[in-house]
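Shown next, in structure tokens, is the structure this report addresses.
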Amino acid sequence: MGNDMSGMDASREAWDTDYAMRGRRWARGHCRMPSFHPHERVLDAGCGDGKGLASLACNGDPSNMAGARCPEVVAFDFSRSAIGICAHRFSQNEKVHLLTADAARMPFRAASFDAVLLFHLIGHASRRPRSEICEEVQRVVRRGGYVYLRVFSRADFRAGRGEEIEEMTFLRGDGTFTHYFLPEEIAALFPQLTLISIEHVPWILRVKGDRFQREEIHAVLRA
3 MGNDMSGMDA SREAWDTDYA MRGRRWARGH CRMPSFHPHE RVLDAGCGDG
53 KGLASLACNG DPSNMAGARC PEVVAFDFSR SAIGICAHRF SQNEKVHLLT
103 ADAARMPFRA ASFDAVLLFH LIGHASRRPR SEICEEVQRV VRRGGYVYLR
153 VFSRADFRAG RGEEIEEMTF LRGDGTFTHY FLPEEIAALF PQLTLISIEH
203 VPWILRVKGD RFQREEIHAV LRA
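Just so you know, the sequence shown maps onto residues 3 to 225 in the working numbering.
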């Protein structure tokens, strides 16, 4: 992508338009989530329409949607439409705080969070903003805190589909794009953190009788 910032502006517009038109994109159930103590402060960076936030806000217990036993959660996205969806869904949870923000320029003090969730955020950023986001994550997580990362791997069936705008980064017809990762890219993006675990998580997507191979990389890093 010739100009990273103009590319990210176009991506922001594409995501915002899609959320405004379609509403919730990721509506299937709850997202598997680490468990956190109620006193912890957790950042959900690039929260989208709140699929991960739904599990985080109840701390893995769907009966706890009021948030009595959940950590303090700060969640942001660069799409105003996505944050509007989240505001409607989580208005009754006093421990969830929402804002519109740029992940490459997070409006938080250093060492503000016990944990940071990066679920399918850096895979939707081009090379330079991706590095800036990772630098910001390393800045805002406290020493001894954790970063939980999820991205798509190169074994995913969509890798290679669309226009390749950077190496293994493909633009879709709706204006959004996705980077497909190798495991070794993860540690390189977070030189200040220690890689605790990394795994491939495959599953089969079934659509009208057809089967498609999906695969994510899940990683845990410690500050």
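Here a beta-carbon is modelled for each residue, glycine too, at the ideal position from N, C-alpha and C. The model shown is predicted, which means the values in this text are computed figures rather than measured ones.
Of the residues the options, the one placed nearest residue i, counting alpha carbons only
i      : options                           : result
Phe121 : Gln215, Asp51 and Arg14           : Asp51
Val142 : Val75, Ala189 and Ser114          : Ser114
Thr196 : Arg213, Leu223, Leu123 and Leu184 : Leu223
Met108 : Gly48, Ala189, Arg156 and Phe214  : Gly48
Separation of residue j from residue i, as counted between CA atoms
i      : j      : result
Phe80  : Glu187 : 24 Å
Thr180 : Ser133 : 15 Å
Ala117 : Ser128 : 24 Å
Cys136 : Asp20  : 25 Å
His84  : Ala22  : According to the sequence provided, residue 84 is Ala. The question's His does not apply to it. C-alpha separation (whole angstroms): 8 Å.
Ala225 : Lys210 : 44 Å
Tyr182 : Gln194 : 23 Å
Glu168 : Asp104 : 21 Å
Pro40  : Ser57  : 14 Å
Glu166 : Leu173 : 6 Å
Cys72  : Asn95  : 10 Å
Ile87  : His99  : 13 Å
Gly4   : Leu45  : Here the model assigns Gly4 a pLDDT of 42, short of 50, so the residue's position is not dependable, and the following value carries that caveat. Those two C-alpha atoms are separated by around 31 Å.
Cβ-based burial, residue i [other Cβ within 10 Å; buried from 16]
i      : result
Arg152 : buried
Thr171 : buried
Ile206 : exposed
Ser37  : exposed
Ala77  : buried
Cβ distance (whole Å) where residue i is taken to contact residue j below 8 Å
i     : j      : result
Gly54 : Leu119 : 6 Å
### Message
For the pair the region 210-225 and the region 195-202, tell me if three or more CB-CB distances fall below 8 Å.
### Response
yes
### Task
Assess, as a yes-or-no matter, whether the region 134-153 is touched by the region 89-97 under the definition of 3 or more beta carbon pairs within less than 8 Å.
no
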